[in-house]
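Just so it is clear: in the sequence shown, position 648 is 648 by full-length UniProt numbering, and no numbers are missing.
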Amino acid sequence: QFKVTIKNIERELICPACKELFTHPLILPCQHNICHKCVKELLLTLDDSFNDVGSDNSNQSSPRLWVTSPSLDKIDRINRPGWKRNSLPPKTTTFPCPGCEHDVDLGERGINGLFRNFTLETIVERYRQAARAATAIMCDLCKPPPQESTKSCMDCSASYCNECFKIYHPWGTIKAQHEYVGPTTNFRPKILMCPEHETERVNMYCELCRRPVCHLCKLGGGNHSNHRVTTMSSAYKTLKEKLSKDINYLIGKESQVKSQISELNLLMKETECNGERAKEDAITHFEKLFEILEERKSSVLKAIDASKKLRLDKFQTQMEEYQGLLENNGLVGYAQEVLKETDQSCFVQTAKQLHLRIQKATESLKSFRPAAQTSFEDYVINTSKQTELLGELSFFSSGIDVPEINEEQSKVYNNALINWHHPEKDTADSYVLEYRKINRDQEMLSWNEIEVCGTSKVISELESNCNYAFRVRAYKGSICSPCSRELILHTPPAPVFNFLFDEKCGYNNEHLLLNLKRDRVESRAGFNLLLAAERIQVGYYTSLDYIIGDAGITKGKHFWAFRVEPYSYLVKAGVASSDKLQEWLRSPRDAVSPRYEQDSGHDSGSEDACFDSSQRFTLVTIGMKKFFIPKSPTFNEAENRILPMPTSIGVFLDYDKGKVGFYDMDHMKCLYERQVDCSSTMYPAFALMGSGGIQLEEPIAAKYLEYEEDM
1 QFKVTIKNIE
11 RELICPACKE
21 LFTHPLILPC
31 QHNICHKCVK
41 ELLLTLDDSF
51 NDVGSDNSNQ
61 SSPRLWVTSP
71 SLDKIDRINR
81 PGWKRNSLPP
91 KTTTFPCPGC
101 EHDVDLGERG
111 INGLFRNFTL
121 ETIVERYRQA
131 ARAATAIMCD
141 LCKPPPQEST
151 KSCMDCSASY
161 CNECFKIYHP
171 WGTIKAQHEY
181 VGPTTNFRPK
191 ILMCPEHETE
201 RVNMYCELCR
211 RPVCHLCKLG
221 GGNHSNHRVT
231 TMSSAYKTLK
241 EKLSKDINYL
251 IGKESQVKSQ
261 ISELNLLMKE
271 TECNGERAKE
281 DAITHFEKLF
291 EILEERKSSV
301 LKAIDASKKL
311 RLDKFQTQME
321 EYQGLLENNG
331 LVGYAQEVLK
341 ETDQSCFVQT
351 AKQLHLRIQK
361 ATESLKSFRP
371 AAQTSFEDYV
381 INTSKQTELL
391 GELSFFSSGI
401 DVPEINEEQS
411 KVYNNALINW
421 HHPEKDTADS
431 YVLEYRKINR
441 DQEMLSWNEI
451 EVCGTSKVIS
461 ELESNCNYAF
471 RVRAYKGSIC
481 SPCSRELILH
491 TPPAPVFNFL
501 FDEKCGYNNE
511 HLLLNLKRDR
521 VESRAGFNLL
531 LAAERIQVGY
541 YTSLDYIIGD
551 AGITKGKHFW
561 AFRVEPYSYL
571 VKAGVASSDK
581 LQEWLRSPRD
591 AVSPRYEQDS
601 GHDSGSEDAC
611 FDSSQRFTLV
621 TIGMKKFFIP
631 KSPTFNEAEN
641 RILPMPTSIG
651 VFLDYDKGKV
661 GFYDMDHMKC
671 LYERQVDCSS
681 TMYPAFALMG
691 SGGIQLEEPI
701 AAKYLEYEED
711 M
C-alpha cells in the first residue's frame, strides 16, 4: 500500500527548475524547494548575462536573473576545491523562484544560508526504491565483484554486506554503536545544524521567517534577534496538528473531490469537443476566403489573358502589313506585278486603288506607331488594403470594443509614450501593445508584443531616426478585440541630450525668471526694458537676455527639444561655442549696436548676412507664433522663410560633422539645417526679448508612468 501511495505523489517530488526528481533539495525563503545543483546552475548563468547576453551557449529557457553586486567570484569559490563556507565576502544574490516566480533574496550567505530538506529527500529516496524495487544496492566496501548490501550505516554514510559490516563495525568498539538501517542511498545527518552558525544545532523556530534557528540567531546581533520565536517541540506539535487536521479534512471530503474530478473530466471532454468545433468553423471560414480568392484569381487572369491576346493580334496584323512592304513580298510584290501590265486601261483601273494603299503604307512607315501597348500597368493588383485586413484577422470580439490610440497624448522623445482609451474600459482584463520598426524601403518587421494592465505604456530602447508602428488590442479572458488603427511615430535623429538651464553663466535675474526645476524660463517685459528702449532714439538696440544649458557637447550626435510659449515676442534658440558665449556674455550690455557684427546673433539681420560655414553659432528666430528660417541661398524669398511655429521644436547637433538642424517635433521633420564650427565645446543656447517663455521637453520616464498607473 505504501508503494502505491509513493507512486501517486510523484508530482510533488519534481524540481520546478530541472523537471526531474529532487537531488539534495534546498528550501528557499518562499518555502518552495529546489535542487542544490539547480541553484548553482541559476547562479552560473550570471556569467552569460554579464559577458554574452546573446550567446548561443546561454540557456534561453532559464529564468531571468540579476544580482545587486557582482558575484562571479562567489561562483568561482563555490566550485573551487578546498573552498570554505566562511570564506565568502558578504554579497547579496537575487533571483526568481522557479516555483512561484517571486524574487528570492538568498542573503549574504547565498546558497549556504538555505536549509537542506531532509524530509523531502527521504521521501524521494523511498520513491526511487519503489520504482527500482528489483534493483539491489551493492556494498560500498567489497572487493570486486561487490556483494549485495544488507544494511546501511547512517554515521558512515555507506552501505555494507554482512561480512563487511562485521569487519568495519567490530563488537566492543564505538562503531558498533552506529545507527544502521536497511539498504539505502539517502544518508541524512542525525542533527540539523544551523546554516548561519555551523557548530550550533537548531532548537527554535522563527515564526516570522518560518524556518528553524539556533540560539545564536536569536541573540543580539543575530538575523532573528527581533523576531518572535518558539521552541522546536512547540512548533513541531503545532505544525503537526495543523497538517494532520488539514489532511483529515481533505480525506473527509474525498467524495466531494471525486465529484469535482468527474466534473473536470466532463469539462475537459467538452473543451476538446468545442475546440475541434472551433477549428472546423475556422477552416470553413478560411476555405470560403480561399474560394473567393480563387474566383478572383481566375477572373483576373482571364482578363489579363484576353488583353494579352487582343494586343498580340494587333501586333501580328501590323507585322504582316509591314512584311508586305518588303520586296517581292505582299503589297510590294503585288505592285511589282501590276507594273508589268502593258494594257493602259487595265493598268489604270488597278493602279489607282493600289497607289492609295502604297501611299498609306508610306505614311505609316514615316510615322511608326505600335498598334498596342506592351505595358500592363493597368492590370497590377493592389492588395495592400486586403493584406492589412488579413493581417488583422482575429477572433470575433464578442462585444469588446476596439481600443483607440490617443495621438495627442502619444509621443516619442528619449522613449516612446503610447496612450490609448477604451470606450468600455472595465470590460477589458488587459491589453497587448504591439510595435515594430518600419525599414526605409517600407519593409515591415515582425511585431513585438507587451502585455499591459493600464492604458499607457513607455517603450524604451528604440533606434534613432526610424519609423515605428504602434497598435493595441484589448483582451477579456481568452477573447481579444481587433487591433486599433496603427500610429506611426518617427524617433529623433540622435540620442536625447539631457540638460537644464544654467542659473549661473550669463543668467540675468532682472529680466529672466527661472523655475526651481531649471527646465523653464520666462522673460518679463517690464520697466527695465522700457528704459533700455529709450536708446533707440540714438541708434542703439536693446539687447537679448541669454541663457544656456548647463552641459556642453564635445563629440557625437545629440538631440534635444523645447517648447516656446505662444505669447512669446522674440525667442532665439540653437547652439553656440564656448568662446562665442564668453564673447557675448562678457561684452557690456547695450554698449555697441550688434548690427555691426555679422555673426553676433543679436539680430535677425546677422543670420541674413552671414553664410559662412565656419561660424561658431547658429540661432533661429521664433516669435509671434512664427518660425523664421534664416536667410540663405536656399531660403531667399520671405514667404518661404516664415513658417507656423511648431508645438515643439527639436535641435539636432552632429558635432563630428559640424552640422546643426532644427526639427518640427510633431512630424519629426527637418525645417532648417546648416554647417557650424564645432572646434570647441558647443552648448544649447537661448535668448529672449520682451515677454516670452521656453519650456524644455521633459524626458519620458517609465517609472513615473507606472506609478501613475498604480495610483
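We treat Cβ as the ideally placed atom computed from N, Cα and C, and that holds for glycine.
At a Cβ threshold of 8 angstroms, is residue i touching chain D?
{"i": "Glu510", "result": "This model lacks chain D altogether; it includes just one protein chain."}
Roughly how far, in whole angstroms, is the beta-carbon of residue i from the beta-carbon of residue j, given that I think they are within contact range, below 8 angstroms?
{"i": "Ser460", "j": "Leu417", "result": "No, Ser460 and Leu417 are not in contact; Cβ-Cβ is about 10 angstroms, not under 8 angstroms."}
{"i": "residue 722", "j": "Pro16", "result": "Absent from the model: residue 722. The displayed extent of the chain is 1 to 711, so no value can be given."}
{"i": "Ile405", "j": "Ser481", "result": "The pair is not a contact, with the Cβ atoms about 13 angstroms apart (cut-off 8 angstroms)."}
{"i": "Val521", "j": "Ile694", "result": "5 angstroms"}
{"i": "Asp550", "j": "Phe617", "result": "Not really, about 18 angstroms apart at Cβ, beyond 8 angstroms."}
{"i": "Lys314", "j": "Ala371", "result": "4 angstroms"}
{"i": "Leu42", "j": "Leu114", "result": "Not really, about 13 angstroms apart at Cβ, beyond 8 angstroms."}
{"i": "Leu570", "j": "Thr621", "result": "7 angstroms"}
{"i": "Val412", "j": "Leu489", "result": "4 angstroms"}
{"i": "Glu565", "j": "Gly391", "result": "Between Gly391 and Glu565 the Cβ distance is about 43 angstroms, and since that is not below 8 angstroms, they are no contact."}
If you follow the alpha helix (DSSP H) that residue i is in, where does it begin and where does it stop?
{"i": "Val257", "result": "Glu254 to Gln323"}
{"i": "Trp584", "result": "Ser578 to Arg586"}
{"i": "Lys218", "result": "His215 to Lys218"}
{"i": "Ala372", "result": "Unbroken run through Ala372: none, as it is neither H nor E."}
{"i": "Leu514", "result": "Looking at the DSSP string, Leu514 is not in any alpha helix (DSSP H); the run it does join, the beta strand (DSSP E), is Leu512 to Leu514."}
{"i": "Glu337", "result": "Gly330 to Val338"}
So what's residue i in DSSP terms, helix, strand or just coil?
{"i": "Gln695", "result": "strand"}
{"i": "Val412", "result": "strand"}
{"i": "Lys37", "result": "helix"}
{"i": "Glu522", "result": "strand"}
{"i": "Phe562", "result": "strand"}
{"i": "Asn112", "result": "helix"}
{"i": "Gln386", "result": "helix"}
{"i": "Glu461", "result": "coil"}
{"i": "Gln147", "result": "coil"}
{"i": "Arg674", "result": "strand"}
{"i": "Ser157", "result": "coil"}
{"i": "Thr362", "result": "helix"}
{"i": "Tyr379", "result": "helix"}
{"i": "Cys346", "result": "helix"}
{"i": "Leu21", "result": "strand"}
{"i": "Ile174", "result": "helix"}
{"i": "Asn223", "result": "coil"}
{"i": "Arg210", "result": "coil"}
{"i": "Lys517", "result": "coil"}
{"i": "Phe501", "result": "strand"}
{"i": "Phe187", "result": "coil"}
{"i": "Lys669", "result": "strand"}
{"i": "Ser456", "result": "strand"}
{"i": "Tyr236", "result": "helix"}
Identify every residue that forms a DSSP beta bridge with residue i.
{"i": "Thr230", "result": "Tyr205"}
{"i": "His421", "result": "Glu404"}
{"i": "residue 714", "result": "One cannot answer for residue 714 here, as it falls past the ends of the chain, which runs 1 to 711."}
{"i": "Leu192", "result": "BP columns for Leu192 are empty, so no partner."}
{"i": "Phe627", "result": "Ile622 and Leu643"}
{"i": "Gly650", "result": "Ala561 and Tyr663"}
{"i": "Tyr249", "result": "Note: Tyr249 sits in no beta bridge, so no partner."}
{"i": "Arg473", "result": "Val432"}
{"i": "Ile137", "result": "In DSSP, Ile137 forms no bridge with anything."}
{"i": "Phe118", "result": "DSSP output for Phe118 lists no bridge partner at all."}
Grab the span of the beta strand (DSSP E) containing residue i for me, first residue to last.
{"i": "Cys164", "result": "Counting along the chain, Cys164 falls outside any beta strand (DSSP E), though it belongs to the alpha helix (DSSP H) covering Asn162 to Tyr168."}
{"i": "Val496", "result": "Premise fails: Val496 is in no beta strand (DSSP E) and is neither H nor E."}
{"i": "Tyr435", "result": "Ser430 to Ile438"}
{"i": "Glu449", "result": "Asn448 to Val452"}
{"i": "Asp105", "result": "Asp103 to Asp105"}
Tell me whether residue i counts as near the ligand NAP, meaning its Cβ is closer than 7 angstroms to at least one heavy atom of that ligand.
{"i": "His490", "result": "Ligands displayed in this structure: none; no statement on the ligand NAP is therefore possible."}
Does the segment 207-216 come into contact with the segment 176-189, if we say contact requires no fewer than three beta-carbon pairs (one atom in each stretch) closer than 8 angstroms? no
Decide yes or no for the touch test of the segment 460-473 against the segment 488-501: beta carbon pairs closer than 8 angstroms, at least 3 of them. yes
Within the chosen definition, does the segment 681-701 reach the segment 567-579 through at least 3 CB pairs nearer than 8 angstroms? Contact holds between the segment 681-701 and the segment 567-579, because three or more Cβ pairs, one in each stretch, are under 8 angstroms apart.
Quick test of the definition: if touching needs 3 or more C-beta pairs under 8 angstroms, does the segment 142-149 touch the segment 221-231? Output reads no: the segment 221-231 does not touch the segment 142-149.
Is the segment 184-204 in contact with the segment 229-243, if contact means three or more CB pairs nearer than 8 angstroms? Segments in contact, yes.
Would you call the segment 296-304 and the segment 373-391 in contact, with 3 or more CB pairs under 8 angstroms? Result yes; three or more Cβ-Cβ pairs closer than 8 angstroms.
Touching or not, the segment 257-271 and the segment 338-350, by the rule of three or more beta carbon pairs under 8 angstroms? The segment 257-271, when compared against the segment 338-350, does not touch it at the 8 angstroms Cβ threshold.
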